[in-house]
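Convert by adding 24 to the 1-based position in the sequence shown; the result is the number in the working numbering. Ideal placement from N, C-alpha and C gives every residue a C-beta, glycine not left out. Contents: one structure, followed by commentary.
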Amino acid sequence: MRPLPEVQAEVIDAVPQLPLRQVGFREARGLVLAEPVVAPHDVPPFPNSAMDGYAVRHDDVAAGPVELTIVEEVGAGQVPERVVGSGEAIKIMTGAPMPAGADTVVKVEDTDMADPATVRILVAPPRGTNVRPAGGDMKAGTPVLDAGVRLRAPQIALLAAVGVQPTVRRRPVVAIVSTGDEIVPPETPTLAPGKIRDTNRTMLRGALEDLGVTIIDRGIVPDDVELLTRVLGHAANQADVVITSGGVSMGEYDVVKAALSGTIAFNKVAMQPGKPFAFGALAETPFFGLPGNPVSVLVSFEQFVRPAILHMMGAAELFRPRIEATVAERISTDPAKTVFVRVEVSVDGGWTARPSGGQSSNVLSALAAADGFAVVPVGTGDVDPGDRVEVEMLYWPEQRTRREALGE
Ligand code: AMP
Ligand code: MG
25 MRPLPEVQAE VIDAVPQLPL RQVGFREARG LVLAEPVVAP HDVPPFPNSA MDGYAVRHDD
85 VAAGPVELTI VEEVGAGQVP ERVVGSGEAI KIMTGAPMPA GADTVVKVED TDMADPATVR
145 ILVAPPRGTN VRPAGGDMKA GTPVLDAGVR LRAPQIALLA AVGVQPTVRR RPVVAIVSTG
205 DEIVPPETPT LAPGKIRDTN RTMLRGALED LGVTIIDRGI VPDDVELLTR VLGHAANQAD
265 VVITSGGVSM GEYDVVKAAL SGTIAFNKVA MQPGKPFAFG ALAETPFFGL PGNPVSVLVS
325 FEQFVRPAIL HMMGAAELFR PRIEATVAER ISTDPAKTVF VRVEVSVDGG WTARPSGGQS
385 SNVLSALAAA DGFAVVPVGT GDVDPGDRVE VEMLYWPEQR TRREALGE
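Below is the structure:
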């Protein structure tokens, strides 16, 4: 058996980074910045008001309540024409440019109208109150996003603010194939004897959609070496990555092995689940042969495929976040392997982890109930209640109902 980190490093080193391209804001989500972004201008681009109120000279209001003459009104998107002189104010809306002469905005709640042309200032605010300076958020010429950052809604908003359409590595195209004579489409209403529905391809689709790649779904291939060889050959031509499930262990019907041994390395990784794992290049296209059992598929996807695809996309950070949790129930594991235990986590002061159900590699119910994988390192064996473990979070799901969140 090979240590998990050794195989992970080999995989990441072997996969190529995808070519660069500039994309629009609408296509950017989930992709990774390939070059740092420098703000081409200040954000905000001009000093402006943070409040609806009155732009004034601080010297006029410093001593407390005073009446000022309103000389102009300026809304967001407009440009003030007048300079605020001594004894004067300009009525200003949030986001409108600061008029020359003014250095402070008194919010409307702190004022009163003496007559339609005169505002009474009721407070003495510090100089600069409610003024957002030019460049207060981002300064022209300074780096604002690093290369390697994955673009999500807030980062795309930042790019929009500076008008920079990002250079990224192009979106990977990933082909998926299920193997097995027993596998039928998940839509099959009634199962014939001996058949089971295709959970792996359905799960991989979901996991890949979360990753934001383009999917080529090559369906189910029966345990037929020639047919599989043909399908994989096409897939390798069309895609940047090819993933199969099933057929990689020692059985007589293990078609992936029959089709690819010689081309691809069939590893035994010191991990559970997911020990058999095939990896290599199919006509230069990275190929991942995942095991057949659904839990093994997701664990192998998470440990090998997902980090590799993120690396191909240019991401600096490849692995899911881990939290440290206290174990609530005894967990027995094989000390010879890194064991990924499906756990539910809850937080009450600190994090607690408990197994979410049966731990065999075919048990989807415990996988579906899990928030993540408790990672029990090689050499550990049994974990007792009160022991600390790292939990690799699969998702950060919503965990609070309306009642819990709103205190209703
Ligand atoms: P294999 O490695 O092909 O012998 O598969 C191991 C186990 O995983 C067997 O019980 C298979 O029936 C099951 N399996 C393989 N592929 C799938 C799939 N796509 N969906 C659900 N179970 C599968
Ligand atoms: Mg099979």
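- request: Thinking Pro-12 and Arg-156 are a contact (beta carbons under 8 Å), I'd like their distance in whole angstroms, please.
  value: With the chain represented from 25 up to 432, any question about residue 12 goes unanswered, as that position is not in the structure.
message: Quick check on Phe-325: buried or exposed, where buried means 16 or more other Cβ atoms within 10 Å of its Cβ?
response: On the sequence shown, position 301 is the one that residue 325 refers to. Phe-325 is buried by the Cβ-count criterion.
field: 7 Å CB neighbourhood of Val-293 in its chain, flanking five on each side removed
entry: As a working mapping, residue 293 is identified with position 269 in the sequence shown. Answer for Val-293: Met-25, Arg-26, Leu-28, Val-31, Lys-299 and Phe-301, listed in chain order.
- request: Verify whether the separation of the beta carbon atoms of Asp-134 and Leu-146 is less than 8 Å.
  value: Indexing the sequence shown from 1 puts residue 134 at position 110. Indexing the sequence shown from 1 puts residue 146 at position 122. In contact: Asp-134 and Leu-146 (Cβ atoms closer than 8 Å).
- prompt: Between Leu-92 and Glu-112, what straight-line distance do the alpha-carbon atoms span, to the nearest angstrom?
  reply: As a working note, residue 92 is residue 68 in the sequence shown. As a working note, residue 112 is residue 88 in the sequence shown. When rounded, the distance between both Cα atoms is 5 Å.
task: Return the first residue and the last residue of the alpha helix (DSSP H) that Asp-241 is part of.
output: Along the sequence shown, one-based indexing puts residue 241 at 217. First-last for Asp-241: 238 to 245, but that is the beta strand (DSSP E), not the alpha helix (DSSP H).
query: Leaving out five residues before and five after Arg-225 in sequence, what residues of the same chain have Cβ atoms less than 6 Å from its Cβ?
result: Here the question's residue 225 lines up with position 201 in the sequence shown. Only Ile-200 and Ser-202 meet the Cβ criterion.
message: Taking its Cβ as the centre, do 16 or more other Cβ atoms sit within 10 Å of Pro-331, making it buried, or is it exposed?
response: The sequence position of residue 331 within the sequence shown is 307, counting from 1. Classification for Pro-331: buried.
message: Assuming contact is defined by CB atoms lying nearer than 8 Å, are Asp-76 and Met-117 in contact in what I supplied?
response: In the sequence shown, counting from the first residue as 1, residue 76 sits at position 52. In the sequence shown, counting from the first residue as 1, residue 117 sits at position 93. Yes, the Cβ-Cβ distance between Asp-76 and Met-117 is below 8 Å.
message: Taking 7 Å as the cut-off, is the C-beta of Glu-211 nearer than that to any heavy atom in the ligand AMP?
response: Residue numbering aside, residue 211 sits at position 187 when the sequence shown is read from its first letter. No, the Cβ of Glu-211 stays beyond 7 Å of every heavy atom of the ligand AMP.
message: Buried or exposed, going by whether 16 or more other CB atoms sit within 10 Å of the CB of Pro-345?
response: Here the question's residue 345 lines up with position 321 in the sequence shown. So Pro-345 ends up on the exposed side.
message: Let me check you understand the geometry: is the CB of Asp-248 closer than 7 Å to at least one non-hydrogen atom of the ligand MG?
response: On the sequence shown, position 224 is the one that residue 248 refers to. Checking the Cβ of Asp-248 against the ligand MG gives no.
message: Rounded to whole angstroms, what is the Cα-Cα separation between Glu-97 and Ala-148?
response: Your numbering for residue 97 matches position 73 in the sequence shown. Your numbering for residue 148 matches position 124 in the sequence shown. About 22 Å.
- prompt: Starting from Asn-224 and walking both ways along the alpha helix (DSSP H), at which residues does that stretch end?
  reply: Here residue 224 corresponds to residue number 200 of the sequence shown, with the count starting at 1. First-last of the alpha helix (DSSP H) with Asn-224: 224 to 235.
- prompt: Going straight from the alpha carbon of Ile-180 to that of Asp-406, what length do you get?
  reply: By one-based count along the sequence shown, residue 180 stands at place 156. By one-based count along the sequence shown, residue 406 stands at place 382. Each residue's Cα considered, the two are about 45 Å apart.
query: Roughly how many whole angstroms lie between the Cα atoms of Lys-219 and Pro-209?
result: What you label residue 219 is simply residue 195 of the sequence shown in a count that begins at 1. What you label residue 209 is simply residue 185 of the sequence shown in a count that begins at 1. Between Lys-219 and Pro-209, the C-alpha separation is close to 10 Å.
field: Distance between Arg-174 and Leu-44 (C-alpha atoms, nearest Å)
entry: Position 20 of the sequence shown, counting from 1, holds the residue named residue 44. Position 150 of the sequence shown, counting from 1, holds the residue named residue 174. Leu-44 and Arg-174: Cα-Cα distance of roughly 14 Å.
query: Can Tyr-419 be considered in contact with the ligand MG, in the sense that its beta carbon sits closer than 7 Å to one or more heavy atoms?
result: Walking along the sequence shown from the start, residue 419 turns up at place 395. No.
query: Three-state secondary structure (DSSP) at Gln-32?
result: By 1-based counting over the sequence shown, the position of residue 32 is 8. Note: Gln-32 maps to helix in three-state DSSP.
- prompt: Which one of Gln-296, Pro-310 and Thr-153 has the shortest CA to CA distance from Gln-262?
  reply: Taking the sequence shown and counting its residues from 1, the one referred to as residue 262 is at position 238. Selected option, being the one with the closest Cα: Pro-310.
query: Near Ala-390, which residues of its chain fall below 6 Å by C-beta distance, leaving aside the five closest residues on each side in sequence?
result: Counting from 1 along the sequence shown, the entry for residue 390 is found at position 366. So the list reads Arg-366, Ser-380, Gly-381 and Gly-382, once near-sequence residues are dropped.
- prompt: Quick one: what's got a C-beta closer than 6 Å to Ala-33's C-beta in the same chain, skipping five residues either side?
  reply: Along the sequence shown, read from residue 1 onward, the residue named residue 33 stands at position 9. The answer is none, since no qualifying residue turns up.
message: Pairs of beta-carbons, one from the region 407 to 417 and one from the region 348 to 366, closer than 8 Å: are there three or more?
response: yes
task: Measure the C-alpha to C-alpha separation of Leu-256 and Phe-397 and round it to an integer number of angstroms.
output: The residue given as residue 256 occupies position 232 in the sequence shown. The residue given as residue 397 occupies position 373 in the sequence shown. Roughly 31 Å between the two C-alpha positions.
- prompt: Can you tell me whether DSSP reads Ser-389 as helix, strand or coil?
  reply: Your numbering for residue 389 matches position 365 in the sequence shown. In the structure shown, Ser-389 sits in a helix (DSSP, three-state: H, G or I).
query: How many angstroms separate the CA atom of Gly-48 from the CA atom of Pro-190?
result: Start at 1 with the first residue of the sequence shown, and residue 48 comes out as number 24. Start at 1 with the first residue of the sequence shown, and residue 190 comes out as number 166. Taking the straight line joining both Cα atoms gives about 7 Å.
- prompt: Cβ-heavy atom distance between Arg-26 and the ligand AMP below 7 Å?
  reply: For this step, residue 26 is matched to residue 2 along the sequence shown. Arg-26: no, Cβ never under 7 Å from the ligand AMP.
- prompt: Which ranges does the beta strand (DSSP E) cover as unbroken runs of at least 3 residues, wholly within the region 311 to 378, from first to last along the chain?
  reply: 346 to 351 and 362 to 372
field: Proximal residues to His-335 (C-beta, below 8 Å), its chain only, five neighbours per side dropped
entry: If you number the sequence shown from 1, residue 335 lands on position 311. Excluding sequence neighbours, His-335 sits near Ile-36, Val-39, Gln-41 and Leu-342.
query: Of the choices Ser-73, Glu-59, Asp-264 and Gly-88, whose alpha-carbon is the least far from that of Ala-307?
result: Taking the sequence shown and counting its residues from 1, one reaches residue 307 at position 283. Closest option to Ala-307, Cα to Cα, is Asp-264.
task: Quickly, what does DSSP pair Ile-288 with across the bridge? List them, please.
output: Here the question's residue 288 lines up with position 264 in the sequence shown. Beta-bridge pairing links Ile-288 to Ser-285.
field: Closest by C-alpha distance to Ala-120, when choosing among Phe-70, Met-137 and Ile-244
entry: To locate residue 120, count along the sequence shown from 1; it is residue 96. Checked all of Phe-70, Met-137 and Ile-244; the closest Cα to Ala-120 is Phe-70.
- prompt: If we ignore side chains and look at the alpha-carbon of each, how far apart do Tyr-434 and Gln-46 end up?
  reply: Any question about residue 434 goes unanswered here, given that the chain covers just 25 to 432.
message: Using a Cβ-Cβ cutoff of less than 8 Å, which residues in the same chain neighbour Pro-315 once the five nearest sequence positions on both sides are dropped?
response: Within the sequence shown, numbered from 1, the residue matching residue 315 stands at position 291. Excluding sequence neighbours, Pro-315 sits near Ser-269, Gly-270, Val-272, Ser-273, Pro-297, Gly-298, Lys-299, Pro-300, Phe-301, Val-321, Ser-324 and Ser-385.
- request: Evaluate Tyr-78 with the Cβ neighbour count: other Cβ atoms within 10 Å of its Cβ, from every protein chain shown; 16 or more gives buried, anything less gives exposed.
  value: Here residue 78 corresponds to residue number 54 of the sequence shown, with the count starting at 1. By the 10 Å Cβ count, Tyr-78 comes out buried.
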